[in-house]
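Protein chains in written order, with full-length UniProt numbering: chain A, 1 to 487; chain B, 1 to 318; chain C, 1 to 182.
Quick look at the structure:
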C-alpha cells in the first residue's frame with residue numbers, strides 16, 4: 001500500500017470543470033464531490049486515519065471525487081497528492097491538544113470556504129468527535145448550505161463533567177447535521193444518547209481491514225511454545241493494568257507460554273516492572289512502537305491474540321488478528337461482541353481472573369488441536385469487513401443526504417434553540433449569525449467567481465494520470481525526489 | 001445502598017427526545033428474519049434501521065444510593081463539629097485578645113481536657129487501635145513533650161513574626177485559612193479536593209496568624225497549643241467515638257454545639273443567631289434537599305461505559 | 001497597448017503580453033494597471049483630513065507637517081517597494097530563464113537562471129494566508145543530485161494572475177523546454 005506519493009505540483013490539462021470528467025465515468029448513481037475533514041490523518045497513525053484513507057480510495061474507485069482536509073503536521077504542510085490523485089490539504093492551523101486544533105468557530109472559515117468553493121464540494125464528511133476541525137468544518141459547511149455527514153469513531157461516557165460538556169458540544173454540532181455514521185451498534189446507541197438524535201439519521205457502517213495485508217503465515221511451524229500477542233497503545237483505556245496482572249498469573253500456570261507486546265505508551269512502565277519483578281525477560285518481549293506494516297509480521301508470530309481494552313467502539317485490532325488466523329481473547333466491552341462470531345472470539349469480563357480463564361480456554365483449544373486452520377479462519381474473516389462494502393454503504397448515505405435539503409438559516413436557528421437548550425442554543429445561534437455575516441463579508445470581498453476551480457486529479461481517468469502522458473514521464477522523474485516516506 | 005429508580009426501560013429516551021415513533025423506521029425487506037446486533041453479517045436491513053431492541057441495554061441510575069433522612073442527619077454531625085470547632089476557636093481567641101481569659105487558665109483547661117480525651121481515646125476501643133499501630137505511651141509522651149517545648153521556645157518568634165503585616169491582612173488571611181480548613185477537611189467524602197494535611201496546615205497557619213496579634217508570647221503559645229488540640233487531636237477522637245459509640249457521639253455533638261453557640265452569644269447575639277441558623281440548616285435542611293434532589297437523578301449506563309478495574313492490581317507488583 | 005486581458009486573484013484586470021523573438025526565445029510580460037489618480041488622491045486626502053482633525057484638538061502644528069511628510073514618504077516607499085507595474089519572464093531556450101520585476105518607481109529587480117540549473121516549469125498550488133491559489137514555479141536542479149529538484153522559485157508572485165493566464169504561460173514554457181531536451 002503506497003500511502004504517500006507526494007507530487008508537489010499540478011499539471012493543468014484544460015479548463016473545464018472537474019465534474020464533467022466524472023459524470024461520464026461514474027459507475028453508479030450520482031457522482032459526489034466529497035470533502036473529508038478530520039484533525040487525524042497520516043502521518044499520524046491510528047484507526048481514524050486509515051479509515052479516512054481507505055474509504056477515500058474506495059470512493060475514488062467508485063467514481064467520486066474526494067479530497068481530504070487536515071491540519072499541518074510539522075513539516076508536512078500545504079497540498080499533497082496521494083495514490084490515485086487523492087488530494088490532501090494540510091492547513092496551517094494551530095494544534096492545541098492531542099493533535100486537535102484550537103477552535104474559535106470563526107477563524108477557519110475563510111480557508112475552508114476557499115477550499116469548498118474551489119473544489120466544488122457538495123458533501124462535507126467529518127470524522128471523529130475529538131477533532132475540533134471536523135466540527136468547525138461541519139459548522140461552516142452548514143452555513144454555506146452544503147450537505148454534511150459525520151462519522152463518530154469513539155465511545156464516551158456520561159458520568160463526569162468533561163463528558164457532560166463534550167456531549168453538549170456534540171449535541172450542538174450534530175443537531176442540524178444531515179446524517180451520522182457510527183462504526184457499531186453500541187456506538188450508535190451511544191451517539192444517539194449523547195447528541196439526543198433521531199436514530200433514523202444514524203447509520204451503522206463498520207470499519208474494515210485490508211484482507212490482503214493481514215494473512216496467516218503459511219511457513220509457520222507449530223511448536224509446543226505458545227505465544228500470546230498484544231498489539232495496542234499502552235494506555236489505561238486499553239487495559240494495560242489488567243495485562244500487568246495477567247502476565248505473571250498465566251506465566252505461572254503455563255511454563256511454555258510467551259508474551260509478545262507491540263506498542264508504546266505511558267503504561268509501558270507497568271509491564272517492565274512486572275517483567276522485572278517476576279524475572280520474565282525471556283518470556284515477555286516488549287517490541288515498542290510498531291509501524292502499520294510491521295503489525296502483520298508481529299501478529300503471525302503468535303497463536304493467541306489478547307485484547308484487554310476497557311472501552312472500544314469497534315476494535316480493528318481483533319479483526320486484524322482474526323484475519324491473520326489467530327484465536328482472539330477479548331474483554332466484553334463496547335461494540336466488541338458485535339464484531340466477530342462466537343467461534344472466533346472468547347469474550348471475558350474485564351478482570352484478571354476472567355481473562356486468565358479465557359486464555360486458558362484458548363490454550364486448551366489450541367493444544368487439543370480442534371481449531372480450524374489459520375487459513376480457514378482467514379478465509380471466513382476476510383469476507384466480513386471489506387472496504388468495498390464500506391464504500392458502497394457510505395455511498396448510499398451520500399445519495400440519501402444529497403437529496404435532502406440543508407436547513408435554511410431561520411430553521412437552523414430555531415433547531416439550535418429548541419434542541420440544545422435555551423442557553424447553549426442561544427449562544428451558538430449567536431455564533432451561527434456571526435459566521436453567516438462573516439461569510440457574507442467574505443463573499444463580498446472575494447466572490448466565488450474569483451476563486452479558481454481546482455484541477456480534478458482524482459481517479460483513474462482524472463487529469464492526473466492520462467492527459468499529457470508524454471510529458472508526464474519526464475515530470476514524474478523530476479518529482480521522484482519529492483516523494484517522502486511515511487513517518 | 002440498594003439501587004433506586006433502576007429501570008431497563010429507555011422509554012424516556014426513545015420517545016421524548018425526538019418525539020417520533022421509532023417503530024415506523026424503514027421496513028425490512030419482505031422476509032422476516034429477525035435483526036441481530038452483529039456487524040459481521042450482511043443483514044437485509046438498511047444501515048439506519050432501528051430495531052425494537054434499540055437501547056435495550058440502557059440502564060439508569062444503577063449506582064445511586066438510597067439515603068434515609070436520619071442517617072444523613074447523623075452524618076452531618078461531622079460538619080457540625082468542624083463548624084463548631086472553628087467557632088469556638090474564634091471565640092476563645094477573642095476572649096484572649098480582650099484579656100478576659102488568662103492564658104494560664106486556658107492552658108490548664110486544655111491540658112485537663114486533653115488528658116481526659118487521651119484516656120477516652122484508649123478506653124473507647126479497649127486499646128485495640130493502640131495495639132494495631134504499636135505506639136507506646138512513652139512515644140506519645142515524648143512527642144507531646146517535644147512539641148510543647150518547641151512551641152514554647154518559638155512563641156516569642158511567633159509573636160514578632162507578623163509584626164510587619166497589617167492587622168487587617170492578618171484577619172483576612174485567618175478567615176481565608178479557616179474557610180480553607182473547612183473546605184479541605186476530610187468529612188468522609190471521596191473527592192479530589194479532600195486533603196487532611198492541607199486542612200490541618202491551614203488551620204494551624206490561621207492560629208499562628210491570630211496568635212501573633214495577642215498581647216504576650218505566653219498567649220501565643222497557648223493559642224497555638226489550643227489550635228493543635230481542637231483541630232488535630234479532637235477530630236481523631238471524634239472519629240473513634242463515631243465508630244464505636246454513635247449515641248455518645250450525637251450527645252457530644254449536641255453539647256459542643258450548645259457550648260459554641262452560647263460562647264458566640266456572649267460576644268454577639270446576631271452572630272450567634274446566624275450561626276445557630278447555619279447549624280440548623282446544615283443538620284436538617286441540607287439532608288432534606290439532598291434526598292429531594294435524588295429524585296431528579298438521571299444517570300445513564302450502558303455497554304459503552306468504560307469498564308472499571310475492580311481488583312487491586314498493585315498486588316502483582318509488590 | 002495590446003495583449004490578452006486576464007484578471008488576477010483579487011479580481012483586478014491584468015494584461016499578458018507575449019513576445020516571440022524566435023522559436024526558442026519568448027518573453028511573457030504581465031502588466032498590472034497603473035496606479036489610479038483617484039485612489040491616490042483619496043488616500044492623501046484621508047490622511048490629511050485625519051491630521052487636520054488631530055491638529056484641531058491638539059493645536060500642534062507639528063502634526064500637519066508630520067502628515068505631509070508621512071504621505072510623501074509613504075508614497076515613495078509604496079511606489080518603490082510595493083506597487084508592481086509589470087512582471088516578466090524571458091525564456092531563452094539555450095541560455096536560461098530571466099524573471100524580472102518592474103516597480104512603479106521604475107526600479108527593476110532581475111534574476112537570471114541558467115538553463116542547466118532549470119529542471120522544469122510547473123504550476124503549483126499553495127496555501128497563503130486564508131486562500132489557496134495557483135502559481136507558476138520554476139524547479140531548480142540540485143547539482144549534487146541531478147534527479148531531484150533542489151529549490152522552487154515562484155514567478156509572477158507580485159501580479160498573482162489567475163489559473164487561466166498561468167496555463168497560457170505554462171503551455172508555451174513547456175513547448176520551449178521540450179525543444180531544449182531534444
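Built from N, CA and C at the ideal position, the CB exists for glycine as well. Fair warning: this is a prediction, and the values are worked out from it, not measured in the lab.
One finds 40 in chain B with Cβ atoms closer than 7 Å to the Cβ of residue 341 of chain A, taken in chain order. The Cβ of residue 372 of chain A sits no closer than 8 Å to any Cβ of chain B.
The three-state reading of DSSP puts residue 160 of chain C in coil, since its state is none of H, G, I, E or B. In the DSSP assignment, residue 119 of chain C falls within the beta strand (DSSP E) that extends over 118-128.
If you check the CB distance, residue 284 of chain A and residue 244 of chain A do not come in under 8 Å. Residues of chain C with a Cβ closer than 9 Å to the Cβ of residue 111 of chain A are, in chain order, 127, 129, 130, 131, 132. The count of Cβ pairs closer than 8 Å, one atom from the segment 230-238 of chain A and one from the segment 295-309 of chain A, reaches three, so the stretches are in contact. Listed along chain A is no residue with a C-beta nearer than 9 Å to that of residue 170 of chain B; the closest approach is about 36 Å.
Counting every other CB atom within 10 Å of its CB across the protein chains shown gives residue 313 of chain A a total of 16 or more, marking it as buried.
Across the structure, residue 264 of chain A and residue 302 of chain A are spaced so that their CA atoms are roughly 19 Å apart. Within chain B, the C-beta atoms nearer than 9 Å to that of residue 393 of chain A come from 47, in chain order. Within chain A, the residues whose beta carbon sits less than 7 Å from that of residue 307 of chain B are 310, 311, 331, 333, 350, listed in sequence order. Sequence-distant partners of residue 350 of chain A (beyond 5 residues in either direction) whose C-beta falls short of 8 Å from its own C-beta, in its chain, are 239, 242, 308, 310, 331, 332, 333. By the Cβ neighbour-count rule, residue 85 of chain A is buried, with 16 or more other Cβ atoms within 10 Å of its own. The beta strand (DSSP E) runs of length 3 or more contained entirely in the segment 45-78 of chain A are, from start to end of the chain, 65-71.
Proximity of the segment 20-33 of chain C to the segment 85-99 of chain C meets the contact definition, three or more beta-carbon pairs being nearer than 8 Å. Rounded to the nearest angstrom, the gap between the Cα atoms of residue 451 of chain A and residue 66 of chain A is 19 Å.
Looking at the DSSP output, residue 13 of chain C bridges to C:7. Taking the Cβ atoms as the reference, residue 261 of chain B lies roughly 6 Å from residue 272 of chain B, within the contact range of under 8 Å.
Counting only Cβ-Cβ distances below 9 Å, residue 180 of chain C has no contacts in chain A at all, with the closest Cβ about 11 Å away. Contact between the segment 163-170 of chain C and the segment 109-125 of chain C is present, with at least three C-beta pairs closer than 8 Å.
Every beta strand (DSSP E) stretch that sits fully inside the segment 22-84 of chain C and reaches 3 residues is listed by chain position as 25-31. Judged by beta-carbon spacing, residue 437 of chain A lies beyond the 8 Å limit of residue 428 of chain A, meaning their Cβ atoms are not closer than that value.
In the structure shown, the three-state DSSP call for residue 115 of chain C is coil.
Put simply, the backbone Cα of residue 443 of chain A is about 31 Å away from that of residue 17 of chain C. Taking every protein chain shown into account, the CB of residue 122 of chain A has 16 or more other CB atoms within 10 angstroms, so this residue is buried. Residues of chain C with a Cβ closer than 9 Å to the Cβ of residue 92 of chain A are, in chain order, 127.
DSSP links residue 230 of chain A through a beta bridge to A:261.
Shown here, residue 137 of chain B sits in a helix according to DSSP, grouped into three states. With the rule of 3 Cβ pairs closer than 8 Å, the segment 293-313 of chain B does not count as touching the segment 76-92 of chain B. The closest CA to that of residue 254 of chain B, considering only B:232, B:283, B:274, is found on B:283. Taken through DSSP and simplified to helix, strand or coil, residue 273 of chain B comes out as helix. Under the 10 Å beta carbon count, residue 60 of chain B is surrounded by 16 or more other beta carbons and is classified as buried. Taking a Cβ-Cβ threshold of 9 Å, the residues of chain A close to residue 317 of chain B are 244, 270, 273, 274, 277, in chain order.
Under DSSP, no beta-bridge partner is assigned to residue 32 of chain A. When DSSP states are grouped into helix, strand and coil, residue 308 of chain A belongs to the coil group.
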